[in-house]
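S.K.:
Protein chains: 2
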Amino acid sequence: MLTDTALAGSLAGIVGQAHVIAAGGDQEPYLVDWRGRYHGRAVAVVKLGSTAEVAAVVRLCAAEGIALVPQGGNTGMCGAATPPAEGRSIVLRLDRMNRIRAVSPLANSITVEAGCILQRIQEAAAEVDRLFPLSLGAEGSCQIGGNIATNAGGTAVLRYGPTRELVLGLEVVLPDGTVLDRLQGLRKNASGYDLKQLFIGSEGTLGIITAASLKLFARPKASALALVALPEMEAALRLLERLRGTVGDRLGSLEAMSRGQIEVIAEHVPDVAIPFALDCPWYLLVELTDTLAGTDLRTPLEAVLGAALEEGLIADAILAGSEAQAAALWRIRHSVSEGSKRAGYVVSHDSAVPLERQAVFVRNTERRILAAVPQARVVMHGHIGDGNIHVLAILDRDRTPDAAAAAPVAQRINEIVDDETAAQGGVISAEHGIGLSNRDRLARVTAPGDLDLMRRIKALLDPQGLLNPGKILLPAPR
Amino acid sequence: MLTDTALAGSLAGIVGQAHVIAAGGDQEPYLVDWRGRYHGRAVAVVKLGSTAEVAAVVRLCAAEGIALVPQGGNTGMCGAATPPAEGRSIVLRLDRMNRIRAVSPLANSITVEAGCILQRIQEAAAEVDRLFPLSLGAEGSCQIGGNIATNAGGTAVLRYGPTRELVLGLEVVLPDGTVLDRLQGLRKNASGYDLKQLFIGSEGTLGIITAASLKLFARPKASALALVALPEMEAALRLLERLRGTVGDRLGSLEAMSRGQIEVIAEHVPDVAIPFALDCPWYLLVELTDTLAGTDLRTPLEAVLGAALEEGLIADAILAGSEAQAAALWRIRHSVSEGSKRAGYVVSHDSAVPLERQAVFVRNTERRILAAVPQARVVMHGHIGDGNIHVLAILDRDRTPDAAAAAPVAQRINEIVDDETAAQGGVISAEHGIGLSNRDRLARVTAPGDLDLMRRIKALLDPQGLLNPGKILLPAPR
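Line order of the protein sequences matches chains A and B. Reminder that position 29 of the first sequence reads as 29 in this note's numbering, one-by-one numbering, no gaps. Whatever position you read off the second sequence (first residue = 1), add 478 for this note's numbering.
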């Protein structure tokens with residue numbers, strides 16, 4: 001068995017001395033997750049320069065029995081990219097693998113390396129008059145490899161689908177160091193099992209994504225945005241149904257925030273203006289987009305909202321009169337994570353439930369959390385059209401300075417949310433993944449047969465259990 | 479071990495005597511594939527009435543070591559639903575499981591049993607003013623379970639994606655008789671491995687799909703259709719690029735036919751009129767659709783085609799002036815399988831290649847087939863925007879009355895097409911699947927590591943090898 005020093009030397013032999021950070025070096029940013037809840041350690045943090053280097057490092061670690069933790073932009077919500085505190089691991093960073101290998105406006109596809117920052121891909125698409133639709137708060141620093149490994153969601157899922165549906169092909173280094181090349185950017189492929197699907201959303205536990213071929217779309221060239229005040233959550237769903245029946249696939253986003261969620265932002269995020277009275281329980285951003293320049297979207301949006309206002313379905317509506325006004329309204333929505341994080345210790349959730357159950361889910365969950373934990377501030381935001389509502393219970397930092405202090409209360413809240421999610425036929429993670437935060441919850445709400453099949457797939461691909469160990473699945477019961 | 483008679487009795491005990499066709503009964507339609515190329519035998523054909531019955535039959539067969547061949551509408555092109563001629567098998571028919579369990583225009587989803595005829599699902603969607611976009615020649619008789627098992631394509635993939643992208647959830651009976659319930663119709667789910675993906679496109683070799691939750695879309699309420707005559711294939715791709723840049727996501731279908739393909743239809747399919755001169759090598763159907771009623775699509779389509787005509791990019795264009803005229807043009811396209819089948823013995827292909835390589839692929843393939851097999855009539859049709867071109871070599875029935883007589887020539891042609899497909903970075907099956915017809919070709923063009931991983935997944939899920947044995951993968955080398 002190689003000593004830590006010898007291992008770091010062997011790694012340097014593969015990637016170059018400059019790209020290995022041994023223990024004692026400046027490893028800290030890579031050992032802790034974005035929320036600061038998990039802290040691990042690593043024999044080395046390795047910055048890889050090519051797929052061949054990834055394969056060589058994986059082979060070395062397979063031979064030595066060293067765990068590998070792939071890490072993208074380290075912006076995940078569930079600790080999936082943090083190395084374990086026990087045992088010997090290395091962290092794999094793919095920042096240097098950030099080339100855009102090819103863009104085809106003809107085929108509407110782009111091929112990128114896993115370390116590409118999401119925003120850079122959006123920009124490269126825009127440069128050829130196309131859209132890469134994945135959009136989320138961390139887009140300025142998250143990496144596409146991590147987005148794919150998490151099957152990330154965001155604000156454009158309603159129209160374009162989650163990350164899985166944007167992936168045309170993948171290049172993956174398997175746990176034995178072989179490279180699976182399924183990178184062909186083909187829309188149609190019925191040639192045997194679609195192996196790449198295994199790796200999307202598996203959080204680096206089955207293989208290391210090194211490159212991807214992704215879908216591009218026609219770029220929206222007209223849009224209209226409204227902020228709507230709602231007397232109750234049901235109104236959002238009734239509005240959705242009307243929009244589906246009238247503007248059809250011009251419906252781009254439908255993002256809800258509870259009044260409390262907006263209050264938290266107003267209190268804690270400087271420079272975010274709230275240009276409307278907070279006298280309703282729910283607020284909704286409705287965005288229509290069209291790929292034909294000059295299309296009038298205001299008129300159909302005004303028509304739907306005007307009728308809804310007249311009937312009392314909605315309480316008020318503001319149509320953005322300019323791009324700047326639209327950006328200011330979007331800014332509120334994009335500040336939810338920052339505002340909540342500053343407001344206290346956040347016990348957050350990522351449930352998706354069938355749309356018909358969304359209103360009752362929201363109501364029951366809030367009532368039960370407040371009954372069990374009266375000191376919690378319960379706020380919510382979510383992607384209404386996807387059934388994905390983030391329920392956040394914010395706890396006072398004085399009483400809950402850290403995860404350990406919050407643990408008993410957090411567990412109680414989690415149980416309530418999981419219980420309501422299951423009762424309404426939903427899933428506990430819609431877009432954030434499982435990582436470390438949610439694996440006991442996943443184990444609690446998932447059918448034993450499904451968990452067993454997931455375990456068998458993990459054992460088939462990674463028999464030594466070296467790839468991102470302990471993520472998604474709890475250690476098997478003995 | 480149960481005798482055949484005892485087995486038929488046990489099956490009747492599960493599904494009822496009326497729903498078991500024992501050997502000697504009227505099994506014939508279920509023992510032969512649509513093209514009449516494969517002929518198998520079965521201890522029994524069983525018509526199942528519920529998921530519980532499927533599970534009970536699977537458990538019985540698992541205990542007895544009997545192979546199971548799930549069969550949808552039996553319209554597949556590759557023999558994937560035909561039982562083997564050797565050994566003991568039963569054929570599972572799901573015709574009776576044809577209920578639409580739920581439709582939600584709010585969530586844009588529909589939940590159906592696997593035996594539902596595709597057209598019935600399209601109609602159920604239309605009844606609530608929605609679209610289920612999967613559309614293909616056999617839609618009046620194929621079943622959704624088979625469509626999903628094949629990851630079927632069709633003429634709407636360009637806009638809506640292949641079947642995989644239309645599936646929100648699945649219910650599957652696993653080879654041990656347990657039921658995997660992943661039927662939640664949620665758009666977003668990042669809760670562990672997405673197990674349902676395994677079964678989409680696996681042609682019944684890993685599990686038996688019994689129900690599905692599917693996406694619905696806003697229904698197109700305006701459309702414009704043109705038939706365009708092209709001096710060369712490249713022109714289709716240049717036209718596609720212009721359409722993407724102008725009409726964007728209003729582009730619904732882009733279907734190409736070679737002159738020879740249309741001639742075959744004109745010669746062999748009665749009642750199909752060809753209302754244009756056949757003096758160009760390629761013809762293209764271009765359809766724009768919009769979900770807003772009354773949208774003018776003729777003007778932008780005329781603008782693009784007018785400019786292309788002026789520049790000499792295209793040779794001619796006919797815009798359909800009425801729905802009847804549009805239907806008549808679509809009828810030509812929908813007659814390609816029938817016309818080709820009547821014209822002779824068809825060696826057909828289903829390659830997809832990157833769009834940039836499509837024109838060279840078409841040219842090289844035709845040239846090489848004609849050089850090697852001068853008596854072949856080479857015709858083509860395909861889904862230009864997906865890179866999916868069907869190359870058909872039609873052989874004279876007098877010289878090639880059946881598959882055995884055609885075998886040596888077919889193999890030579892297959893090798894040429896496979897070789898060109900691989901040279902252009904494509905795949906041999908875009909939408910028809912592998913089944914029996916293409917498994918040796920798949921083995922030849924697929925990386926050994928990929929094939930090995932497919933085999934290991936098969937062995938993991940179906941260690942006894944009882945589920946649709948011999949399909950997709952050749953028996954493992956010893």
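Built from N, CA and C at the ideal position, the CB exists for glycine as well. Because the structure is a prediction, the values reported are computed rather than measured.
Determine the closest residue to GLU653/B out of LYS936/B, ASP607/B, ILE599/B, with distance taken between C-alpha atoms.
M.R.: Just to set this straight, residue 653/B is Pro in the shown sequence, not Glu. It is LYS936/B whose Cα lies nearest to the Cα of PRO653/B.
S.K.: Can a CB atom of chain B be found closer than 8 Å to the CB of GLY146/A?
M.R.: So no, GLY146/A is outside the interface.
S.K.: Please name the residues in the region 139–172 of chain A whose beta-carbon is closer than 8 Å to at least one beta-carbon of chain B, in chain order.
M.R.: So the close ones are THR150, ASN151, ALA152, GLY153, VAL157, LEU158, GLY161, PRO162, ARG164, GLU165.
S.K.: State yes or no: is the beta carbon of GLU490/A nearer than 8 Å to at least one beta carbon in chain B?
M.R.: Since the first residue shown for chain A is 1 and the last is 478, residue 490/A is missing from the structure and cannot be characterised.
S.K.: As a quick exercise: from ALA871/B, GLY799/B, GLN836/B, ASP828/B, pick the residue whose alpha carbon is nearest that of ALA849/B.
M.R.: That would be ALA871/B, whose Cα lies nearest to the Cα of ALA849/B.
S.K.: Please state whether the Cβ-Cβ distance between LEU239/A and LEU285/A is less than 8 Å.
M.R.: No, these two residues do not count as a Cβ contact at 8 Å.
S.K.: Going by other Cβ atoms of all chains shown within 10 Å of its Cβ, with 16 needed for buried, is HIS39/A buried or exposed?
M.R.: Under this definition HIS39/A is an exposed residue.
S.K.: Which class does GLY153/A belong to by DSSP, given the choice of helix, strand or coil?
M.R.: In this structure, GLY153/A counts as coil in the three-state DSSP scheme.
S.K.: Could you name the residues of the region 501–513 of chain B whose beta carbon sits closer than 7 Å to any beta carbon of chain A, in the order they occur along the chain?
M.R.: For the region 501–513 of chain B, which is checked against every Cβ of chain A, not one residue is closer than 7 Å.
S.K.: Just the Cα atoms here: how many angstroms apart are PRO83/A and SER528/B?
M.R.: Distance between the alpha carbons of PRO83/A and SER528/B is about 47 Å.
S.K.: Under 8 Å, Cβ to Cβ, is there at least one residue of chain A near LYS666/B?
M.R.: Chain A, which has a Cβ nearer than 8 Å to the Cβ of LYS666/B, makes this yes.
S.K.: If you follow the beta strand (DSSP E) that LYS525/B is part of, which residue opens it and which one closes it?
M.R.: That run of the beta strand (DSSP E) goes 522–525.
S.K.: Would you call MET1/A buried or exposed, if buried means 16 or more other Cβ atoms sit within 10 Å of its Cβ?
M.R.: Exposed: under 16 other Cβ atoms inside 10 Å.
S.K.: Run through chain A and tell me which residues come within less than 8 Å of ASP607/B, C-beta to C-beta.
M.R.: Residues of chain A passing the Cβ test: GLY245.
S.K.: Say whether the region 779–799 of chain B touches the region 712–726 of chain B, bearing in mind that this needs 3 or more beta-carbon pairs closer than 8 Å, one atom from each stretch.
M.R.: Contact holds: three or more Cβ-Cβ distances are below 8 Å.
S.K.: Could you say which of ALA592/B, TYR823/B, ASP757/B lies nearest to CYS795/B if we only look at CA atoms?
M.R.: The sequence shown places Ala at residue 795/B, rather than the Cys named in the question. The shortest Cα separation from ALA795/B among ALA592/B, TYR823/B, ASP757/B belongs to ASP757/B.
S.K.: Tell me the start and end of each unbroken beta strand (DSSP E) in the region 547–573 of chain B that is at least 3 residues and wholly inside, in chain order.
M.R.: Runs of the beta strand (DSSP E) inside the region 547–573 of chain B: 567–571.
S.K.: Please compile the residues from chain A whose C-beta is within a distance smaller than 9 Å of the C-beta of SER582/B.
M.R.: Under the 9 Å cutoff, chain A gives PRO354, LEU355, GLU356.
S.K.: Mind checking who TYR761/B pairs with in its DSSP beta bridge?
M.R.: Paired residue(s): ALA707/B, MET735/B.
S.K.: The beta strand (DSSP E) that contains SER213/A, what's its start and end?
M.R.: That run of the beta strand (DSSP E) goes 208–215.
S.K.: Taking the beta strand (DSSP E) that ALA795/B belongs to, which residues open and close that run?
M.R.: Run containing ALA795/B: 794–797, per the beta strand (DSSP E) assignment.
S.K.: By the criterion of Cβ-Cβ separation under 7 Å, what are the contact partners of GLN600/B in chain A?
M.R.: In chain order: nothing, as chain A lies at least about 17 Å away.
S.K.: Let's see if you can read the secondary structure: which residues bound the alpha helix (DSSP H) around VAL362/A?
M.R.: VAL362/A -> alpha helix (DSSP H) spans 358–372.
S.K.: Could one say the Cβ of VAL427/A lies closer than 8 Å to chain B's Cβ atoms, at least one of them?
M.R.: By this cut-off, VAL427/A is an interface position.
S.K.: Our contact map puts THR289/A next to ALA222/A with C-beta atoms below 8 Å; I'd like the distance itself, whole angstroms only.
M.R.: At roughly 7 Å, the Cβ-Cβ gap stays under 8 Å, so THR289/A and ALA222/A are in contact.
S.K.: Assuming ILE416/A and ILE369/A are in contact, meaning their beta carbons sit under 8 Å apart, how far apart are those beta carbons, in whole angstroms?
M.R.: Indeed, because the Cβ distance is near 6 Å, the residues count as touching under 8 Å.
S.K.: Specify the secondary structure class of VAL742/B as computed by DSSP and reduced to three states.
M.R.: Helix at VAL742/B.
S.K.: Confirm, please, whether the CB-CB distance from LEU183/A to SER213/A is below 8 Å.
M.R.: Cβ atoms of SER213/A and LEU183/A: closer than 8 Å.
S.K.: Where do the ends of the beta strand (DSSP E) carrying TYR516/B lie?
M.R.: No beta strand (DSSP E) holds TYR516/B; DSSP gives it neither H nor E.
S.K.: Short check: CB of VAL91/A to CB of VAL57/A, under 8 Å?
M.R.: It is not a contact, given that the beta carbons lie outside the stated cut-off.
S.K.: Around the C-beta of LEU952/B, are 16 or more other C-beta atoms found within 10 angstroms, so that it is buried, or is it exposed?
M.R.: Classification for LEU952/B: exposed.
S.K.: DSSP puts THR289/A in a beta bridge; with which residues?
M.R.: SER223/A.
S.K.: Assuming LEU612/B contacts GLY593/B (C-beta within less than 8 Å), just tell me the rounded distance between them.
M.R.: Actually they are not in contact, since the Cβ atoms of LEU612/B and GLY593/B sit about 16 Å apart, beyond 8 Å.
S.K.: Which of the three DSSP states, helix, strand or coil, is assigned to SER351/A?
M.R.: Of the three classes helix, strand and coil, the one that applies to SER351/A here is strand, per DSSP.
S.K.: Three Cβ pairs or more, each shorter than 8 Å: is that satisfied between the region 531–545 of chain B and the region 484–492 of chain B?
M.R.: At 8 Å Cβ cutoff, the stretches touch.
S.K.: Please confirm whether ARG93/A and VAL46/A have their CB atoms less than 8 Å apart.
M.R.: The answer is yes: Cβ separation under 8 Å.
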